[in-house]
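Trainee: Please read through the structure below; I'll follow up with questions.
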Amino acid sequence: MKLWKKLSQEQIKERIFHALGQNVNFYEENILGVPGSHLDDRVFYQDAPFLKDAPYLSTLIHNPNHIGCHTLGTSESFFKGTQVIEREVIRICAEDILQMEAPEEADGYVASGGTEANMQAIWIYRNYFMQEKGADLSEIAILCSADAHYSMLKAANILQIDALKIPVEDSNRQLKAEGLKDVLDSASANGKKYFIAVANMMTTMFGSVDNSTIYTDALEARELPYFLHIDGAYGGFFYPFATKDCSLDFSNPKVTSVTLDAHKMVQAPYGTGIFLIRKDFIQYANTKDASYVEGEDYTMIGSRSGANAVAVWMILMKNGPYGWKEKILILMNRANWFTEKLDELDISYYRHDYSNIITIREKHLNREIARRYGLVPDNHHNPNWYKVVIMDHVTIEKLLPLIEDLQAFANKQ
Ligand SMILES: Cc1ncc(COP(=O)(O)O)c(C=O)c1O
10 MKLWKKLSQE QIKERIFHAL GQNVNFYEEN ILGVPGSHLD DRVFYQDAPF
60 LKDAPYLSTL IHNPNHIGCH TLGTSESFFK GTQVIEREVI RICAEDILQM
110 EAPEEADGYV ASGGTEANMQ AIWIYRNYFM QEKGADLSEI AILCSADAHY
160 SMLKAANILQ IDALKIPVED SNRQLKAEGL KDVLDSASAN GKKYFIAVAN
210 MMTTMFGSVD NSTIYTDALE ARELPYFLHI DGAYGGFFYP FATKDCSLDF
260 SNPKVTSVTL DAHKMVQAPY GTGIFLIRKD FIQYANTKDA SYVEGEDYTM
310 IGSRSGANAV AVWMILMKNG PYGWKEKILI LMNRANWFTE KLDELDISYY
360 RHDYSNIITI REKHLNREIA RRYGLVPDNH HNPNWYKVVI MDHVTIEKLL
410 PLIEDLQAFA NKQ
């Protein structure tokens with residue numbers, strides 16, 4: 010581990026208040042040209058004594074705008090203190106979690122969520138193919154699994170390119186190589202020449218992990234230009250800690266970018282997607298017309314709260330790398346306990362070996378059980394599966410009544 014170290018609460022407080030001290034102070038300085046300010050103090054009371062011990066809430070009140078991307082060029086100098094914190098988050102994620110090796114450094118930013126981070130990747134690659142290869146929109150396609158998150162389809166719609174879904178095996182949720190072959194045959198016949206392959210590091214519904222070599226082998230065998238993006242919105246803070254063999258990170262030279270999401274496993278506030286990409290690509294999302302923004306803008310979103318980067322940084326530092334690993338091991342152990350119980354009851358489910366999502370076949374429960382335990386179906390109208398996600402609050406005490414209800418349901422069948 011290079012940058013990521015466990016810090017004490019006192020050290021965390023000191024770093025964040027120091028960072029805020031480097032930012033502009035709307036209360037005390039004459040800042041007359043910015044369409045932003047601290048939070049409205051008639052609504053958000055700001056004199057509470059506990060705030061001096063509350064770095065995140067204090068950051069919310071100071072309200073830094075992290076507009077732009079802070080890993081390259083210049084950035085808005087008004088918020089330079091907390092931008093340093095965001096740069097550290099990006100480096101920790103790229104280098105300590107996703108194995109990017111020095112001297113390589115990632116570009117990236119804290120996005121609104123996984124959807125935006127995925128879209129940012131696809132936007133960059135679409136623009137690359139158009140600018141560098143003269144590609145027409147109709148010649149570019151996204152390749153993703155049938156289990157991919159619906160943000161793929163949103164991105165395709167907004168960016169006006171096609172998304173092609175690759176079928177997966179029903180029982181193990183793995184990409185079907187034959188299915189990809191068929192999709193590529195028909196894509197080529199329809200004039201597609203450039204591909205943006207998105208591999209999942211844990212899918213939303215199943216927690217399954219794609220074998221990215223199925224994409225890269227097939228595309229390389231056909232000499233088709235492609236980029237490989239990893240959607241780790243769900244699994245990016247889980248899978249690399251659960252397995253010793255994570256090839257869906259920057260140690261794989263074929264991976265160009267990764268999406269993570271701190272508002273899922275990391276329990277950060279919403280608005281903490283993380284977009285990471287190797288150097289020399291984010292320029293393809295540069296909006297030069299953002300001339301009033303110091304350093305221009307390379308992101309999809311525009312204005313965004315610096316408090317989000319601070320929240321992610323604080324959580325990572327509070328846990329430290331080993332604390333984080335222990336947290337993941339606890340969740341894995343609970344998932345193991347739960348699947349052992351399901352096995353004893355002869356209930357069929359899908360679980361990837363290194364995942365904390367257990368997806369149960371619909372025949373083993375009814376809608377009432379699903380409602381009682383907040384189990385999410387794959388499809389609300391016509392469910393085939395229901396998932397249990399072993400999060401921090403999903404303890405064995407809370408899983409036990411579900412097991413009892415599943416047993417009672419099985420006995421009635
Ligand atoms: C694999 C995956 N990708 C992308 C997303 C979208 O993330 P968000 O809801 O933060 O936009 C999700 C959300 O569940 C996800 O599970």
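Using this note's numbering, read the sequence shown as starting at 10 and increasing by one per residue. Glycine included, every Cβ here is placed at the ideal spot set by N, Cα and C. These numbers come from a predicted model, not from an experiment.
Output the distance between the C-alpha atoms of I239 and R51, rounded to the nearest integer angstrom.
Mentor: Answer to the nearest angstrom: the Cα atoms are 44 Å apart.
Trainee: Looking at the structure shown, is C102 part of a helix, part of a strand, or coil, going by DSSP?
Mentor: C102: helix per DSSP, three-state reduction.
Trainee: H361: buried (16+ other C-beta within 10 angstroms of its C-beta) or exposed?
Mentor: Result: buried.
Trainee: Taking contact to mean at least 3 C-beta pairs separated by less than 8 Å, is the region 371-378 in contact with the region 308-325?
Mentor: Flag = no, the region 371-378 and the region 308-325 do not touch.
Trainee: DSSP state of M210, grouped into three classes?
Mentor: Strand, per DSSP.
Trainee: Would you mind reading off the limits of the alpha helix (DSSP H) that contains K336?
Mentor: Per DSSP, K336 belongs to the alpha helix (DSSP H) from 315-353.
Trainee: What are the uninterrupted segments assigned as beta strand (DSSP E) that are 3 or more residues long and contained completely in the region 220-254, given in chain order?
Mentor: Counting only runs of 3 or more, we get 235-241.
Trainee: What separation, rounded to the nearest whole angstrom, lies between the Cα atoms of W333 and N220?
Mentor: Their backbone Cα atoms lie some 25 Å apart in a straight line.
Trainee: Based on the DSSP output, what are the partners of Y279 in its beta bridges?
Mentor: Answer is none; Y279 lacks a bridge partner.
Trainee: Taking 9 Å as the threshold (C-beta atoms), are I94 and A28 in contact?
Mentor: Result yes, Cβ atoms of A28 and I94 sit closer than 9 Å.
Trainee: Using the three-state DSSP reduction, which class does T68 fall into: helix, strand or coil?
Mentor: DSSP places T68 in helix when its eight states are reduced to three.
Trainee: Note down the Cα distance separating R287 from T308, rounded to an integer number of angstroms.
Mentor: For R287 and T308, the distance between alpha carbons rounds to 15 Å.
Trainee: For my contact list, K185 and V177 are in at a C-beta cut-off of 8 Å; report their separation, rounded to the angstrom.
Mentor: About 6 Å; that satisfies the 8 Å criterion.
Trainee: So the alpha helix (DSSP H) G188 belongs to, where does it begin and stop?
Mentor: Where G188 is concerned, the enclosing alpha helix (DSSP H) stretches over 186-198.
Trainee: Measuring CA to CA, which of L409, A111, S364 is closest to Y382?
Mentor: Looking at the Cα atoms, L409 is the closest of the given residues.
Trainee: Per DSSP, P386 forms a beta bridge with which residues?
Mentor: Looking at the DSSP assignment, P386 forms a beta bridge with Y395.
Trainee: Since G117 is in the beta strand (DSSP E), which residue starts that stretch and which ends it?
Mentor: From DSSP, the beta strand (DSSP E) with G117 extends over 115-120.
Trainee: What's the gap between the Cα of I21 and the Cα of Q55?
Mentor: Between I21 and Q55, the C-alpha separation is close to 21 Å.
Trainee: When we look at the beta-carbon of S260 and count the other beta-carbons within 10 Å, is it buried (16 or more) or exposed?
Mentor: Answer is exposed; the Cβ neighbour count stays below 16.
Trainee: Give the single residue among L81, E85, L12 whose Cα lies nearest to the Cα of V43.
Mentor: V43 has its Cα closest to that of E85, out of L81, E85, L12.
Trainee: Quick one: measure Cβ to Cβ for A130 and S266, integer angstroms, because I've assumed they're closer than 8 Å.
Mentor: With 8 Å as the limit, A130 and S266 qualify as a contact, their Cβ atoms being about 5 Å apart.
Trainee: Quick check on DSSP: helix, strand or coil for S86?
Mentor: Here S86 sits in helix by DSSP.
Trainee: Counting Cβ pairs closer than 8 Å, one from the region 265-279 and one from the region 117-137, do we hit at least three?
Mentor: Yes, the region 265-279 is in contact with the region 117-137.
Trainee: Taking 8 Å as the cut-off, is the beta-carbon of M400 closer than that to any non-hydrogen atom of ligand 1?
Mentor: M400: no, Cβ never under 8 Å from ligand 1.
Trainee: Helix, strand or coil for F138 per DSSP?
Mentor: Residue state, collapsed to three classes: helix.
Trainee: Please classify Y269: does DSSP put it in a helix, a strand, or coil?
Mentor: According to the sequence shown, residue 269 is Leu rather than Tyr. If DSSP states are grouped into helix, strand and coil, L269 belongs with the strands.
Trainee: Kindly confirm or deny that the region 231-247 and the region 65-72 touch, where touching means at least three C-beta pairs closer than 8 Å.
Mentor: Output reads no: the region 65-72 does not touch the region 231-247.
Trainee: Mind the definition here: the region 395-414 touches the region 351-371 only if three or more C-beta pairs lie below 8 Å; say whether that holds.
Mentor: Contact between the region 395-414 and the region 351-371 is present, because at least three Cβ pairs lie under 8 Å.
Trainee: Does at least one heavy atom of ligand 1 sit under 8 Å from the Cβ of S17?
Mentor: Result no, Cβ not under 8 Å from ligand 1.
Trainee: Using only alpha-carbon positions, find the residue among S217, A208, A196 that is nearest to S180.
Mentor: Here the closest residue by C-alpha is S217.
Trainee: Within 8 Å: the Cβ of T368 and any heavy atom of ligand 1?
Mentor: Not so, every heavy atom of ligand 1 lies at least 8 Å from the Cβ.
Trainee: Is D219 near ligand 1, in the sense that its beta carbon is under 8 Å from a heavy atom of that ligand?
Mentor: Checking the Cβ of D219 against ligand 1 gives no.
Trainee: Excluding the 5 residues flanking T348 on each side, which residues of the same chain have their C-beta closer than 8 Å to its C-beta?
Mentor: If we look at T348 and ignore the five residues flanking it on each side, its Cβ neighbours are Y358, R360, I367.
Trainee: So, under 8 Å CB-CB, F204 and L168 are touching, yes? Tell me the CB distance rounded to an integer number of Å.
Mentor: Their Cβ separation, rounded to whole angstroms, is 14 Å, which puts F204 and L168 out of contact at 8 Å.
Trainee: Please confirm if the region 114-125 is in contact with the region 138-147, defined as three or more CB-CB distances below 8 Å between the two stretches.
Mentor: No, they do not touch.
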